[in-house]
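Line by line, the protein sequences give chains A and B. Numbering-wise (my numbering), the first sequence opens with residue 52 and increments by one. Numbering-wise (my numbering), the second sequence opens with residue 52 and increments by one. Here the structure is laid out as structure tokens; the discussion comes afterwards.
2 protein chains.
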Amino acid sequence: MNSNQDGIIVIKIGGAAGVDYSAVCTDAARLIEAGKQVVLVHGGSADATALGEDIGHPPRFVTSPSGFTSRYTDRRTLDIFAMAVNGGLNTRIVEQLRTLGVNAFGMSGLDGGLITAKRKGSIRIVENGKRKMLHDDYTGKIQHVDVSLLQTFLAAGYTPVISPMAVSQDGEALNTDADRMAAMIAAALKAQNLLLLTAVPGLMRSFPDESTLISDLSQRDLKVALEYAEGRMKKKVLGAQEALDGGAQQVIIADGRIEAPISNALSGNGTTIH
Amino acid sequence: MNSNQDGIIVIKIGGAAGVDYSAVCTDAARLIEAGKQVVLVHGGSADATALGEDIGHPPRFVTSPSGFTSRYTDRRTLDIFAMAVNGGLNTRIVEQLRTLGVNAFGMSGLDGGLITAKRKGSIRIVENGKRKMLHDDYTGKIQHVDVSLLQTFLAAGYTPVISPMAVSQDGEALNTDADRMAAMIAAALKAQNLLLLTAVPGLMRSFPDESTLISDLSQRDLKVALEYAEGRMKKKVLGAQEALDGGAQQVIIADGRIEAPISNALSGNGTTIH
Chain A
52 MNSNQDGIIV
62 IKIGGAAGVD
72 YSAVCTDAAR
82 LIEAGKQVVL
92 VHGGSADATA
102 LGEDIGHPPR
112 FVTSPSGFTS
122 RYTDRRTLDI
132 FAMAVNGGLN
142 TRIVEQLRTL
152 GVNAFGMSGL
162 DGGLITAKRK
172 GSIRIVENGK
182 RKMLHDDYTG
192 KIQHVDVSLL
202 QTFLAAGYTP
212 VISPMAVSQD
222 GEALNTDADR
232 MAAMIAAALK
242 AQNLLLLTAV
252 PGLMRSFPDE
262 STLISDLSQR
272 DLKVALEYAE
282 GRMKKKVLGA
292 QEALDGGAQQ
302 VIIADGRIEA
312 PISNALSGNG
322 TTIH
Chain B
52 MNSNQDGIIV
62 IKIGGAAGVD
72 YSAVCTDAAR
82 LIEAGKQVVL
92 VHGGSADATA
102 LGEDIGHPPR
112 FVTSPSGFTS
122 RYTDRRTLDI
132 FAMAVNGGLN
142 TRIVEQLRTL
152 GVNAFGMSGL
162 DGGLITAKRK
172 GSIRIVENGK
182 RKMLHDDYTG
192 KIQHVDVSLL
202 QTFLAAGYTP
212 VISPMAVSQD
222 GEALNTDADR
232 MAAMIAAALK
242 AQNLLLLTAV
252 PGLMRSFPDE
262 STLISDLSQR
272 DLKVALEYAE
282 GRMKKKVLGA
292 QEALDGGAQQ
302 VIIADGRIEA
312 PISNALSGNG
322 TTIH
């Protein structure tokens, strides 16, 4: 066991359709077996959308003036998100890891006040070219990660599997962006690696032309990279910036749809940012 | 703070409709504020049923040859249970406790291998007077509670909020009966009190005649009491037996539909078994 020798890996598994959770779990189990400390953070967008559609409350996606897309989270949408993501997906990932011999422990940012966020309440959006305000939103901007709680779990041999909900100062449940959450966790833990596994091979200069994949990127070029990033990739680039600013050593944006996606990313396939 | 002086209280909040979660949380917060160590276990039957109906997979309730009713849990039903109970209900209880200042930590028996159970796989049922076997069932009989994990949470000031799923030796997720789970937890912790809060005032000699409420019962009379118990009350009586056999000091079956249901139970209203 060389448990902490090489530092901690934080792995974010995308909520997007196409990401192979099973391959990620198998690959993670191998690393953990070899003594590596791993924290898994998952999305769940596709699951929450499917459940919302099934029960007649489909999600509403909105775009901010600066071009970020997010789920408008009224109270009912928050409950659906909790069911699909804290309940369905988190339990399935914990179960899968446990069948592989990993001592996984599922939690969300609410549990033990692990992740505190500031509730936005009202959000500015652009719809049909017009600016609007939406109220009663249950999303939050992360302010604090209880790093000692995570370290306690890791030191005791547990692998935390974290669902992207946080808690406000008043104790309210909030939906948060999983990429940004993984970034804040990686920063707090001064992780050796933050892996953002997604449904594309990495950041491309000219999306979706995969021949323009950027394999290596310096932190100082991230501002420019934000310009290339399309849609959800913007949050990953922003997350990479936050993670590195906060003390993570390296961020890799890589393909989560393939076999051995973690080893693939760690061996340099994807976009490595440092 | 006289945190452990009076022993631990394990409180099971019923999954049945009518139980006032909000009143239970308020009452629990008051006790915890006063220095009491509390473990909450919740059901979720009504929530799982509602979600199953909403998404077109309603539950199938079956009766065992000895008269116990349970939910037949095929894989889809297990996933629905995880969403509604691990996700929806557990998150709402944790949120409510946190808004009341309690450092609640939600978990299920899968997390960290907290509760191990033996998967039944096939179950015997009686349907229209005929005996049958049902296969591919994902329910389990609890075999082990990791009491040191629970004690670690309690000692660190967290209030565990536990959802009734367990994990098999092979790592599979299993549905378990919440009353029996609460009983096994109370036994493992040698709890001072196990409170089984439900939608009736306690055990009645002649259900549903509330004038026949049994207010005090000795452990040696529980076998006889099992005869009076109707429907789900049978599992509570069985749970009481298991809790006391395992080392819990006292079990109270009491009304969960009223204001201050915990204080009410502790002050002797309900059926106290010792």
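Beta carbons: idealized from backbone N, C-alpha and C, even for Gly.
Whether residue i touches residue j by CB criterion (8 Å)
i: Thr-114 of chain A; j: Ile-174 of chain A; result: no
i: Ile-236 of chain B; j: Val-196 of chain B; result: yes
i: Ala-291 of chain A; j: Ile-304 of chain A; result: yes
i: Ala-155 of chain A; j: Val-70 of chain A; result: no
i: Leu-17 of chain A; j: Gly-103 of chain A; result: The requested residue 17 of chain A is not part of the displayed model; chain A covers only 52 to 325.
i: Ala-329 of chain B; j: Val-288 of chain B; result: The requested residue 329 of chain B is not part of the displayed model; chain B covers only 52 to 325.
i: Thr-128 of chain B; j: Asn-137 of chain A; result: no
i: Ala-68 of chain A; j: Ile-309 of chain A; result: no
i: Gly-191 of chain A; j: Thr-227 of chain A; result: yes
i: Ala-97 of chain B; j: Ile-131 of chain B; result: no
i: Lys-63 of chain A; j: Leu-317 of chain A; result: no
Min CB distance residue i to chain A below 8 Å
i: Ser-54 of chain B; result: The predicted position of Ser-54 of chain B is uncertain, since its pLDDT is 40 and thus under 50; a value taken from the coordinates is nonetheless stated next. Not an interface residue.
i: Met-232 of chain B; result: no
i: Gly-191 of chain B; result: no
i: Gly-139 of chain B; result: yes
i: Ser-159 of chain B; result: yes
i: Thr-150 of chain B; result: yes
i: Val-36 of chain B; result: Outside the shown range of chain B (52 to 325) lies residue 36 of chain B, about which nothing can therefore be said.
i: Asp-188 of chain B; result: no
i: Val-218 of chain B; result: yes
i: Gly-319 of chain B; result: no
i: Glu-310 of chain B; result: no
i: Asp-296 of chain B; result: no
i: Gly-253 of chain B; result: no
i: Gly-222 of chain B; result: yes
Which listed residue (the options) has its alpha carbon closest to that of residue i
i: Glu-178 of chain B; options: B:Ala-291, B:Gly-107, B:Ser-121; result: B:Ser-121
i: Ile-59 of chain A; options: A:Leu-248, A:Ser-219, A:Lys-87; result: A:Lys-87
i: Lys-171 of chain B; options: B:Pro-109, B:Ala-224, B:Val-153; result: B:Ala-224
i: Asn-320 of chain A; options: A:Met-284, A:Leu-264, A:Gly-297, A:Tyr-279; result: A:Leu-264
i: Tyr-326 of chain A; options: A:Gly-282, A:Gly-152, A:Val-92, A:Asp-187; result: The shown model of chain A, from 52 to 325, leaves out residue 326 of chain A, and the question about it has no answer.
i: Ala-101 of chain A; options: A:Met-134, A:Ala-85, A:Val-75; result: A:Met-134
i: Asp-78 of chain B; options: B:Thr-323, B:Pro-312, B:Ser-318; result: B:Pro-312
i: Val-61 of chain B; options: B:Asp-105, B:Gln-202, B:Leu-140, B:Glu-104; result: B:Gln-202
i: Gly-307 of chain A; options: A:Thr-249, A:Gly-253, A:Asp-162, A:Ser-314; result: A:Thr-249
i: Ile-193 of chain A; options: A:Ala-234, A:Leu-277, A:Leu-82, A:Arg-149; result: A:Ala-234
i: Thr-322 of chain B; options: B:Asn-244, B:Asp-162, B:Pro-252; result: B:Pro-252
i: Glu-2 of chain A; options: A:Gly-163, A:Ser-257, A:Met-216, A:Ser-266; result: It is not possible to answer for residue 2 of chain A, since the shown part of chain A is limited to 52 through 325.
i: Val-92 of chain B; options: B:Glu-261, B:Gly-157, B:Thr-167; result: B:Gly-157
i: Val-198 of chain B; options: B:Ser-266, B:Ser-314, B:Val-90, B:Asn-315; result: B:Val-90
i: Phe-204 of chain A; options: A:Asp-162, A:Ala-217, A:Ser-262; result: A:Asp-162
i: Gly-222 of chain A; options: A:Thr-167, A:Gly-282, A:His-108; result: A:Thr-167
i: Gly-65 of chain B; options: B:Gly-164, B:Pro-259, B:Pro-215, B:Leu-200; result: B:Pro-215
i: Tyr-72 of chain A; options: A:Ser-314, A:Gln-147, A:Ala-217, A:Ala-242; result: A:Gln-147
Short CB-CB distance (under 8 Å) between residue i and chain B
i: Glu-281 of chain A; result: no
i: Asp-162 of chain A; result: yes
i: Leu-102 of chain A; result: yes
i: Arg-134 of chain A; result: At residue 134 of chain A the sequence reads Met, which differs from the Arg that was named. Yes - at least one Cβ of chain B is within 8 Å of the one on Met-134 of chain A.
i: Thr-142 of chain A; result: yes
i: Val-302 of chain A; result: no
i: Asn-226 of chain A; result: no
i: Glu-84 of chain A; result: no
i: Asp-125 of chain A; result: no
i: Tyr-11 of chain A; result: Nothing can be reported for residue 11 of chain A, as the shown portion of chain A is limited to 52 through 325.
i: Ile-64 of chain A; result: no
i: Gly-94 of chain A; result: no
i: Ile-106 of chain A; result: yes
i: Asp-130 of chain A; result: yes
Nearest-angstrom beta carbon gap, residue j and residue i [assumed within contact, 8 Å]
i: Lys-285 of chain A; j: Phe-119 of chain A; result: 6 Å
i: Gly-160 of chain A; j: Met-255 of chain A; result: Actually they do not touch by this definition, with Cβ atoms about 31 Å apart.
i: Ser-117 of chain A; j: Lys-169 of chain A; result: Contact flag wrong, Cβ pair sits at about 18 Å.
i: Leu-151 of chain B; j: Ala-80 of chain B; result: 4 Å
i: Val-153 of chain B; j: Leu-245 of chain B; result: Rounded, the Cβ-Cβ distance is 19 Å, inconsistent with contact.
i: Thr-210 of chain B; j: Ile-106 of chain B; result: Contact flag wrong, Cβ pair sits at about 31 Å.
i: Tyr-189 of chain B; j: Arg-149 of chain B; result: That belief does not hold up - the Cβ atoms of Tyr-189 of chain B and Arg-149 of chain B are roughly 30 Å apart, past 8 Å.
i: Ala-238 of chain B; j: Gly-297 of chain B; result: 2 Å
i: Leu-240 of chain B; j: Ile-324 of chain B; result: Actually they are not in contact, since the Cβ atoms of Leu-240 of chain B and Ile-324 of chain B sit about 17 Å apart, beyond 8 Å.
Beta strand (DSSP E) runs contained entirely in the stretch 139–209 of chain A, provided each spans 3 or more residues: 155–159, 166–178, 181–196
In chain order, each alpha helix (DSSP H) run of at least 4 residues that lies wholly inside the stretch 238–280 of chain A: 273–279
Length-filtered (4 minimum) alpha helix (DSSP H) runs lying within the stretch 63–114 of chain B: 72–84, 96–105
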